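Going down the list, the protein sequences come from chains A, B, C and D. According to the numbering used here, the first sequence is numbered sequentially starting from 1300. According to the numbering used here, the second sequence is numbered sequentially starting from 1300. According to the numbering used here, the third sequence is numbered sequentially starting from 1300. According to the numbering used here, the fourth sequence is numbered sequentially starting from 1300. Ideal Cβ placement from N, Cα and C applies to all residues, glycine included. The structure displayed is predicted, hence computed values, not measured ones.
There are 4 protein chains.
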Amino acid sequence: MTIESSRNETAAGRIRLGMVGGGEGAFIGAVHRIAARIDDRYTLVAGALSSDAERARRSAEGLGIAPERSYRSFAEMATAEASRPDGIEVVSIVTPNHLHAPAAKAFLDAGIHVICDKPLSLTVQEAEELVALREKTGLVFAVTHNYTGYPLIRQARAMVAAGELGRIRLVQVEYPQDWLTERAEEAGSKQAEWRTDPARSGAGGCIGDIGTHAHNLAGFVTGLRTEELLAQLTTFVDGRRLDDDVQILLHYEGGARGMLWASQVAVGHENGLKLRVYGEKGGLEWVQADPNQMWFTRFGEPKQLLTRNGAGAWAEGTRVARIPNGHPEGYLEAFATIYSEAAEAIVAARSGGAPDGAVTYPSVEDGLEGMRFIEAAVASSKAGNVWTRLRR
Amino acid sequence: MTIESSRNETAAGRIRLGMVGGGEGAFIGAVHRIAARIDDRYTLVAGALSSDAERARRSAEGLGIAPERSYRSFAEMATAEASRPDGIEVVSIVTPNHLHAPAAKAFLDAGIHVICDKPLSLTVQEAEELVALREKTGLVFAVTHNYTGYPLIRQARAMVAAGELGRIRLVQVEYPQDWLTERAEEAGSKQAEWRTDPARSGAGGCIGDIGTHAHNLAGFVTGLRTEELLAQLTTFVDGRRLDDDVQILLHYEGGARGMLWASQVAVGHENGLKLRVYGEKGGLEWVQADPNQMWFTRFGEPKQLLTRNGAGAWAEGTRVARIPNGHPEGYLEAFATIYSEAAEAIVAARSGGAPDGAVTYPSVEDGLEGMRFIEAAVASSKAGNVWTRLRR
Amino acid sequence: MTIESSRNETAAGRIRLGMVGGGEGAFIGAVHRIAARIDDRYTLVAGALSSDAERARRSAEGLGIAPERSYRSFAEMATAEASRPDGIEVVSIVTPNHLHAPAAKAFLDAGIHVICDKPLSLTVQEAEELVALREKTGLVFAVTHNYTGYPLIRQARAMVAAGELGRIRLVQVEYPQDWLTERAEEAGSKQAEWRTDPARSGAGGCIGDIGTHAHNLAGFVTGLRTEELLAQLTTFVDGRRLDDDVQILLHYEGGARGMLWASQVAVGHENGLKLRVYGEKGGLEWVQADPNQMWFTRFGEPKQLLTRNGAGAWAEGTRVARIPNGHPEGYLEAFATIYSEAAEAIVAARSGGAPDGAVTYPSVEDGLEGMRFIEAAVASSKAGNVWTRLRR
Amino acid sequence: MTIESSRNETAAGRIRLGMVGGGEGAFIGAVHRIAARIDDRYTLVAGALSSDAERARRSAEGLGIAPERSYRSFAEMATAEASRPDGIEVVSIVTPNHLHAPAAKAFLDAGIHVICDKPLSLTVQEAEELVALREKTGLVFAVTHNYTGYPLIRQARAMVAAGELGRIRLVQVEYPQDWLTERAEEAGSKQAEWRTDPARSGAGGCIGDIGTHAHNLAGFVTGLRTEELLAQLTTFVDGRRLDDDVQILLHYEGGARGMLWASQVAVGHENGLKLRVYGEKGGLEWVQADPNQMWFTRFGEPKQLLTRNGAGAWAEGTRVARIPNGHPEGYLEAFATIYSEAAEAIVAARSGGAPDGAVTYPSVEDGLEGMRFIEAAVASSKAGNVWTRLRR
């Protein structure tokens, strides 16, 4: 146990943060706010927290946001904050999917950095426009593929990059849930409603909500890009308008092959994100529900159970850990790491630094890659499960 | 703990058993012999244990087989034993795959029951001929898809049949190993040699060796037949002549969908056979390496860890268990159950009983189904991973 | 998955917090600060962060504390803050053990609420004085037995109280670590230095550092008070001045019996806190390293794996959880719960409310109980491992 | 996977075996018989299977024992078999405890080798007499502390002996069950009846039935002898005549310290035998319910999950394994190993060889050690939980 290493907060010079979405009753907004607080790099000062004005006002009050900085729309907020000397430096966009791109565009146009939930947009075209706009503005743009923030995922990525597994042959990634086993969208669940509504979620249901996370994580750890895929999207629940199960074969650049399964109807799974990677020399296995350990096997040697900050931990992981090994960190800490890495880029940008020198947080380009993945999967499935190249 | 229930041996009237293959150095022959002994229903009295005469003789001697009943070929053995008043009643065929069908045919022709290792044959046609011949002769024919003998697999099958999971939606089955990660067939491993040799293994490598087990197990538990499949067979190791990794999508009759993965190059896996089944009401998960427990979840209720012979155990499982819960049974006991169920059929047949009234052991028809699975998978993969119907 | 329930922050009216100890290089200070931030109930405005003046100044600066509120001693801080209109309302004491009681006394005397790390003091007498002083002042006093903040621990306590396990017979609690397997205190570890130094840690080493946590947790969940104990404290590492392994038998009031094991030399354990409770009707098992699940068995029924916020979750647990089931919460969130519950009491006290109406955080009385436990254990061990009653 | 190594049966010259106890309805008799068959070293030819004559006859018939060799008592059997030219060479004694010593004495007196269940006798004195008699006769005498037969337990013992863990500091061993949580002895369970009856079980209940197994296993793996112990035996269930829970502190020769817990009322445990050993350099953990894996940690290195026959397996373990890694062996195979090792000694004795040259099976001396352990524990508990030396 190395109980003396701990991440330093740098509260001095906290970044002024605004939020779009995330009012009362939302799940992911509160997660973003806790994530922003954990390492003390942000202070929340403005919001357009709900399309319902009264709910927006009430939510802002509860969060200590001054009444005059609780806005009725993201557009109003972007304009108003851009003109304040103490205006927000960065905005978190935590709305349903269909608002991601319009909101992000508004804030980039206003010169404000963006942290945006995934999937990035409704279409590949929107995502490409955001990539172009970000490049033009030079602003920081993080997409919260939050699972990449887990210390052992950072270590896994570093291990693959260092050749510990040898050339990668196989990727097995899955993200089963069971919360949509029955027709929750008709039973009053707000979350289920918008996540199964094409107008708010886009062309993909399960694939956009969790399939993208699985795909992103596999790519993050292996460093491999998907060349083409063969997908079967299924809607098991009668009357549902989007897919609730996804089965995909993947061809990665360089010859590795993958299988991806995501499901919202797999009874017994809560958030069963699991990644396995096999190379010519070694194999890795990691499960989100128990994120402080990771299996690693060198071919011909006993399996090792690596732990966050434990014996033999890699610097890439310990750098983003906060407490000693044996004490579990969780989802919120991994999420916080994305926020803190964005914070470093934003602070660098304050003084004209190049925030993108070594972007470690998931970027707008990663968000675009996710949209290409969704697009190809939907197309492959509609065409009868045929190999389909990702648009480049 | 119910420590009073125990399976009765019925040594009286042991069945006279012969064996083809399984001489010194073989793995599966010894397994079959232990399986035959555990419940004391058989006595091994004859053998054609090796194509190498000296090795056959030495092996027979070690096993207490009389010298005159150690034969030079299965053909000689079938003829000679059929003409003895105390000749064998049943033969175990434990050779490499290419000899399964010829040997089985010889013994059926001689009026001798057959227990045969899997895959049943090299081709679907051979398998169909065996099915026809068995029907004509009315003899007992068991194929050792041994994993079906695990008590909790029996319980799982009964639970699905009783509707505990509701209508089945999804099957996830995998069988990863890592023993062929490197080119073991060139490094002196006899097992690796014949298992990667098309002449002895047939058109499938990994798919025939372990893919068939996975496919059989999923079908056994769910009671579902595969309608069509889409397969990608890969040979990752340079110079290998057969596939060492298999990724398959499955369409079951009735609309369930499945994914099957089998691999011999997945570093960190020994014999990672794992089955997961999800229905409209519940889900199941079972892993062969820890076969005395099984996860079961009813939608909306806490997960349960069911144990062999434990609280709430089903009769279908306890009927084939031997010792109290908490004491692990393993691979050999599951294998023994196949032997003991075949024994019951053979004993019934002695008195003209219909051995096939309620066949619980894997049958020659199951063996044929396995061959159809291999055939379709090889064809699908060659055709570029397209949906391919199993021959009916 | 119920992803719509989430804990509301109430940032408005944040509590003004000071800290004693916790400067650069300390482990537990940063933990307390993150815990204070997670639910946004506190703002850190003052500190006496280190006995080294330069380190104190630097630490304060990094944390955004105004220079004039970075104090050279806790005494100075108590006096100065008490006289400010915007002075701190509560202080966190995160020093080595020997300073807990003097500092706590200073702040209570100054009319400032206290959150203090454990063990509460060096002696039972000091602890009793703190109890008396807190009663006299009516201030809030929380002791950070942080493991009581885990949602499933709250649920476990509620389940025991509701009779789900029946009358409790047995408690098995253990807290093995391995970080002191070798003589780390001579190898430059600051943590090891003070934790093995009687002058700073008190009469107990392992027993004070982690044994008290184990004892507290067992009492918290079962609601049982320890009547007497029989302890064997061992120092395995040559030259070490305090115990590094603790084996204890416990007699609880009402007849339940317990075993407690804590160790700092158990190779392979990081922070292996584990609690098992067995009653006439059921049993529970929980492990800190994987805190989002808990085993529960009703006698004669299958084991259940309960999850935080999962199916059948109890309100006592979900009330202190923040994110949906399947997404792991960890050590920092459990710690934050103690802070947030103290915050509720402090806010109630602002308006003259009785903060102690339903104290859910570990109290100064719990801290005293921990000191009695240490005292009895040290005495029992010295007397040759004889039954020793806790002082009442 | 090394699938070519497999244990050779040596059926030729099977040993003639008799059995005392183990008739219909008994649990452990069937276990012994399967164990005797697995490696094909024995043939069961005689029995005194039940004190109930009709049951004895029926049981013998079912097992294929000739009617004239089904005896009414062990005394009759010892005399009669000793006088037959084809008489039994060895007897298995699988009765309730009180008959172990008288029966063993009778067969030793008759010149017949003995395999006896544990605990060896009712008293230390009986056990000492058996040790003396065995020494005088030079016969083989195995006591079925069957858990010592697990391959990984053999490897663990070898690893400790080779210094892989360094000097041993701590032993944690436990054997919790829950089958006597309620008063099963009044509810018609034959097993519960005699196991809670002092006349048939001896002075110890839980301690004799499973505590001895735990104690034996710890001693087997560590090679350490118990010097003294401090025990607390409890009877939780009203009206029960023997202890159903055991808590013990152990002082081993050389300074290691241990804790042992055995219970029959720990709800949720089936047969939870678990051993943990910690030394100055490393730690080990093994659980009987999942016996094909074992945790091993070298201090400062990642945990390793060792597997039976897996990467890095030790010869001491693979020597007693039968099938490839990844395929689970279980309780019956471990039990069979004791039988096969006794068989080797018996075969050696046929030709006047010294069967005791390197006894690997648990011996009569181990049985005596178990009786000393029970005696000391009962005495310590009665004396008020005081340190009590084992009689030497």
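Inset, instruction - Output yes if chain E places a C-beta closer than 8 Å to the C-beta of D:E1484; else output no. - result: Considering every chain present, this structure includes no chain E. Its protein chains are A, B, C and D.
Legend entry - For A:I1302, the three-state DSSP class (helix, strand or coil): Locating residue 1302 of chain A in the first sequence gives position 3, where the first residue counts as 1. Note that A:I1302 has pLDDT 32, beneath the 50 cutoff, so the model's placement of it is unreliable and the number below is only indicative. DSSP places A:I1302 in coil when its eight states are reduced to three.
Inset, instruction - Pull up the DSSP beta-bridge partners for B:R1575, would you. - result: Reading the second sequence from its first residue, position 276 is the one you call residue 1575 of chain B. Answer by DSSP bridge pairing, in chain order: B:Q1471, B:E1584.
Inset, instruction - Select from the region 1574-1598 of chain B all residues with a C-beta closer than 9 Å to any C-beta belonging to chain A, and list them in chain order. - result: Answer in chain order: R1575, Y1577, G1578, E1579, K1580, G1581, G1582, L1583, E1584, W1594, F1595, T1596, R1597, F1598.
Legend entry - Between the CA atoms of D:H1512 and D:L1421 - distance to the nearest angstrom: Within the fourth sequence, the letter at position 122 stands for residue 1421 of chain D. Within the fourth sequence, the letter at position 213 stands for residue 1512 of chain D. About 16 Å.
Inset, instruction - Compare the C-alpha of C:G1257 against each of C:I1645, C:G1320, C:K1580, C:I1327 and name the closest. - result: With chain C represented from 1300 up to 1691, any question about residue 1257 of chain C goes unanswered, as that position is not in the structure.
Legend entry - Beta-bridge partners of A:M1593, as assigned by DSSP: For the purposes of this step, residue 1593 of chain A is taken as residue 294 along the first sequence, with counting starting at 1. Answer is A:L1605.
Legend entry - Cβ distance (whole Å) where B:P1590 is taken to contact B:H1444 below 8 Å: Looking up residue 1590 of chain B in the second sequence gives position 291. Looking up residue 1444 of chain B in the second sequence gives position 145. Going by Cβ atoms, the distance from B:P1590 to B:H1444 rounds to 15 Å, so no, they are not a contact pair.
Legend entry - Pair within 8 Å by beta-carbon distance, B:M1558 and A:Q1546: Here the question's residue 1558 of chain B lines up with position 259 in the second sequence. Here the question's residue 1546 of chain A lines up with position 247 in the first sequence. Against a cut-off of 8 Å, the Cβ pair of A:Q1546 and B:M1558 comes out as a contact.
Inset, instruction - Determine, using beta-carbon pairs with one atom in the region 1614-1628 of chain C and one in the region 1594-1601 of chain C, whether at least three such pairs fall under 8 Å. - result: Short answer: they don't touch.
Legend entry - alpha helix (DSSP H) segment containing C:Q1454, residue limits: Counting from 1 along the third sequence, the entry for residue 1454 of chain C is found at position 155. Note, C:Q1454: alpha helix (DSSP H), 1450-1460.
Inset, instruction - Express the C-alpha separation of B:F1440 and B:S1349 in angstroms, rounding to a whole number. - result: Position 50 of the second sequence, counting from 1, holds the residue named residue 1349 of chain B. Position 141 of the second sequence, counting from 1, holds the residue named residue 1440 of chain B. As the crow flies, the alpha-carbon of B:S1349 is around 22 Å from that of B:F1440.
Legend entry - B:V1696 and B:I1314 closer than 8 Å at C-beta: An answer regarding residue 1696 of chain B cannot be provided, because it is not within the stretch 1300 to 1691 covered by chain B.
Legend entry - Given A:N1684 as reference, the closest of A:V1646, A:Y1638, A:A1530, A:A1612 once Cα atoms are compared: Sequence index remark: in the first sequence, residue 1684 of chain A carries index 385 (1-based). Looking at the Cα atoms, A:A1530 is the closest of the given residues.
Legend entry - Straight-line Cα distance separating A:E1569 from A:D1537: In the first sequence, residue 1537 of chain A corresponds to position 238, counting from 1. In the first sequence, residue 1569 of chain A corresponds to position 270, counting from 1. When only Cα atoms are considered, A:D1537 and A:E1569 end up about 22 Å apart.
Inset, instruction - Take C:F1373 and list the residues in its own chain whose beta-carbon comes closer than 7 Å to its own, dropping the five residues that flank it on each side. - result: The residue given as residue 1373 of chain C occupies position 74 in the third sequence. Taken in chain order, the residues that qualify are V1319, A1347, A1402, A1405.
Inset, instruction - Return the bridge partner residues of A:Y1370 from the DSSP annotation. - result: In the first sequence, residue 1370 of chain A corresponds to position 71, counting from 1. Bridge partners of A:Y1370: none, in fact.
Legend entry - Nearest residue (CA-CA) to A:G1504, options A:L1532, A:T1521, A:H1514: Within the first sequence, numbered from 1, the residue matching residue 1504 of chain A stands at position 205. Between A:G1504 and the set A:L1532, A:T1521, A:H1514, the nearest pair of CA atoms involves A:L1532.
Inset, instruction - Please confirm whether any heavy atom of the ligand NAD lies closer than 7 Å to the CB of A:D1542. - result: Ligands displayed in this structure: none; no statement on the ligand NAD is therefore possible.
Inset, instruction - May I ask you to list the residues that DSSP assigns as paired with C:L1316? - result: Mapped onto the third sequence, residue 1316 of chain C falls at position 17. Answer is C:L1343, C:V1389.
Inset, instruction - Using a cut-off of 7 Å between C-beta atoms, extract the partners of A:L1604 located in chain D. - result: Within the first sequence, numbered from 1, the residue matching residue 1604 of chain A stands at position 305. The answer, in chain order, is P1601, K1602, L1604.
Legend entry - C:E1425 (DSSP reduced to helix, strand or coil): In the third sequence, the residue the question calls residue 1425 of chain C occupies position 126. Looking at C:E1425 - three-state DSSP - the assignment turns out to be helix.
Inset, instruction - State yes or no: is the beta carbon of C:G1538 nearer than 8 Å to at least one beta carbon in chain B? - result: As a working mapping, residue 1538 of chain C is identified with position 239 in the third sequence. No, C:G1538 lies away from the interface with chain B (no Cβ there is under 8 Å from its Cβ).
Inset, instruction - Kindly indicate if chain B contains any beta-carbon less than 8 Å away from that of C:A1610. - result: Residue numbering aside, residue 1610 of chain C sits at position 311 when the third sequence is read from its first letter. Taking Cβ atoms only, chain B reaches closer than 8 Å to C:A1610, which makes this a yes.
Inset, instruction - Would you please verify whether the beta carbon of B:N1624 is less than 8 Å from any beta carbon of chain D? - result: The residue given as residue 1624 of chain B occupies position 325 in the second sequence. Yes, because at least one Cβ of chain D sits closer than 8 Å to the Cβ of B:N1624.
Inset, instruction - Given a cut-off of 8 Å, decide if A:P1418 and A:G1571 are closer than it, judged by their beta-carbon atoms. - result: In the first sequence, counting from the first residue as 1, residue 1571 of chain A sits at position 272. In the first sequence, counting from the first residue as 1, residue 1418 of chain A sits at position 119. Not closer than 8 Å, so no.
Legend entry - As assigned by DSSP and simplified to three states, the class of C:A1648: For the purposes of this step, residue 1648 of chain C is taken as residue 349 along the third sequence, with counting starting at 1. DSSP places C:A1648 in helix when its eight states are reduced to three.
Inset, instruction - Measure the CB-CB distance between B:L1464 and B:G1582 and report whether it falls below 8 Å. - result: Position 165 of the second sequence, counted from the start, is the residue given in the question as residue 1464 of chain B. Position 283 of the second sequence, counted from the start, is the residue given in the question as residue 1582 of chain B. Yes. Within cutoff.
Inset, instruction - Would you kindly work out how many angstroms separate the C-alpha atoms of B:F1519 and B:D1508, rounded to a whole number? - result: By one-based count along the second sequence, residue 1519 of chain B stands at place 220. By one-based count along the second sequence, residue 1508 of chain B stands at place 209. Cα-Cα distance, rounded: 18 Å.
Legend entry - Bridge partner(s) assigned by DSSP for B:I1637: Residue 1637 of chain B sits at position 338 when you count from the first residue of the second sequence. Checking the DSSP bridge columns, you'll see B:I1637 has no partner listed.
Inset, instruction - Determine whether the Cβ of C:F1672 lies closer than 8 Å to any Cβ atom of chain A. - result: Taking the third sequence and counting its residues from 1, the one referred to as residue 1672 of chain C is at position 373. No - not a single Cβ of chain A is within 8 Å of the one on C:F1672.
Legend entry - Within chain B, the residues that A:Q1454 reaches when beta carbons sit closer than 8 Å: Translated into the one-based positions of the first sequence, residue 1454 of chain A becomes position 155. Simply none; closest approach about 16 Å.
Inset, instruction - Determine the DSSP secondary structure at D:Q1490, reduced to helix, strand or coil. - result: Within the fourth sequence, the letter at position 191 stands for residue 1490 of chain D. D:Q1490: helix per DSSP, three-state reduction.
Inset, instruction - Could you work out which residue in C:A1335, C:E1323, C:A1325, C:G1322 is closest to C:L1631 when comparing CA atoms only? - result: As a working note, residue 1631 of chain C is residue 332 in the third sequence. The shortest Cα separation from C:L1631 among C:A1335, C:E1323, C:A1325, C:G1322 belongs to C:A1335.
Inset, instruction - With DSSP as the reference, label B:R1356 as helix, strand or coil. - result: Within the second sequence, the letter at position 57 stands for residue 1356 of chain B. In the structure shown, B:R1356 sits in a helix (DSSP, three-state: H, G or I).
Inset, instruction - Find out if the Cβ-Cβ distance for the pair B:E1615, B:Q1454 is shorter than 8 Å. - result: Along the second sequence, read from residue 1 onward, the residue named residue 1615 of chain B stands at position 316. Along the second sequence, read from residue 1 onward, the residue named residue 1454 of chain B stands at position 155. The answer is yes: Cβ separation under 8 Å.
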